[in-house]
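Worksheet: the structure to be examined is printed underneath.
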Amino acid sequence: MNIIDKSGILAISTRLQRLSEQLRKDGAMIYQSFDIDFEPKWFPVIFTLHHKNIMSVVEIANEIGYTHPSTISLLKELEKQKFIQSRKDKQDERKRLIVLAPKGVQLIEKMQPVWELMSKVLGEIADNKNNLLQAIIEAEEKIAEQSFYQRALKIKKET
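Each residue of the sequence shown is one higher than the one before, counting from 1 in the UniProt record's numbering.
Here's what the structure looks like:
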């Protein structure tokens, strides 16, 4: 057991990042094993557009929970790969609407069986006595009520 593992809750962010990086790395290898040229970081946008069809940049950012600049960066990569297309909104010329391109639709058709496999395996990984996914949901709900920073400031003021 290394020092980070021994530090307990203090290193939760580091440990979640480590877990996330491992899942992303393995996810990329799974896509490669199915001859799918796809980066896991693109998943939230592609998956969202698969379900919502057409969205503005702001709507996508809100839906995936990323900042506007991070979302724009992902959209640029996906547009360069020709997985998505953008067009101006007829009602508001300043607004860009994003849709899956034909190549993106083909990609999703190829990925759906892989997503089923990944869901099954991730379900096995998360299905432990403390249920990882449920614990993450509960932690996200608490943070939505009051952030880590806000909680720390409150305790600091009380001491």
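Positions of the beta carbon are idealized from the N, C-alpha and C atoms, including for glycine.
Just so it is clear, the structure is predicted and the values come from calculations on it, not from any experiment.
- Excluding the 5 residues flanking it on each side, K95 has same chain C-beta neighbours closer than 6 Å at S56, D89, in chain order.
- Taken atom to atom, the span from the alpha-carbon of R18 to that of W115 is near 22 Å.
- Comparing alpha carbon positions, the residue from L132, L49, E145, A61 closest to I108 is L49.
- Just measuring C-alpha positions, the residue of A139, S86, S70, Q146 sitting nearest I12 is A139.
- Excluding sequence positions up to five before and after L78, its CB lies within less than 8 Å of the CB of W42, V45, I46, I84, G104, all in the same chain and listed in chain order.
- Under a 10 Å Cβ-count criterion, Y31 is classified as buried, with 16 or more other Cβ atoms of the shown protein chains found around its own Cβ.
- Secondary-structure assignment with DSSP links R96 through a beta bridge to K88.
- Beta-bridge partners of M55 (DSSP): I98.
- Under the three-state reduction of DSSP, G104 is assigned to helix.
- Of all alpha-carbon atoms in I60, K6, S73, D26, the one lying nearest the alpha-carbon of L122 is that of D26.
- Comparing C-alpha distances from S33 to each of L16, L132, M111 shows the shortest one belongs to M111.
- A Cβ-Cβ contact shorter than 8 Å links I98 with I60.
- Comparing C-alpha distances from H51 to each of N128, L100, D127 shows the shortest one belongs to L100.
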